[in-house]
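A.B. asks: Residue numbers (this note's numbering): 14 to 140.
(1) Helix, strand or coil for residue 148, going by three-state DSSP, please let me know.
(2) Under a Cβ-count criterion, where at least 16 other Cβ atoms within 10 Å of its own Cβ denotes burial, should residue 33 be classed as buried or exposed?
(3) Using the C-alpha atoms, what's the distance from residue 72 back to residue 45?
(4) Can you tell me whether residue 74 is buried or exposed, with buried defined as 16 or more other CB within 10 angstroms of its CB?
(5) Assign residue 107 to buried or exposed, taking buried as 16 or more other Cβ atoms, counted over all protein chains shown, within 10 Å of its Cβ.
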């Protein structure tokens, strides 16, 4: 993601944001979440997205997709000091995991594993 960061007006919008909010009942990835994180912006999103790592990584909230949950989370987030929100900008590190070079390397590792030419990559989860 860092190499794919927006320039100009789009970048300024992310850079000037205190929070990025993506409520969704069903979103397959939400590239805008990765983009916000790459700009150091904490994210609020919902269980309809795959971003369950946000709270554990300290860079956002992953909440129920209800008006009450969103309203409560917005109250909590807007009560935080600018310093705390800025510290949540560590999402930049998390966003680097979605850099295309990393994704390409993971994909190649999966194919090597499927062909019996390597160990199961960490990105492959089996139950």
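C-beta atoms are modelled at their ideal positions from N, C-alpha and C, and glycine is treated no differently.
C.D. replies: In short:
(1) Residue 148 lies beyond the stretch modelled for the chain, which goes from 14 to 140, so this question has no answer here.
(2) buried
(3) 14 Å
(4) buried
(5) buried
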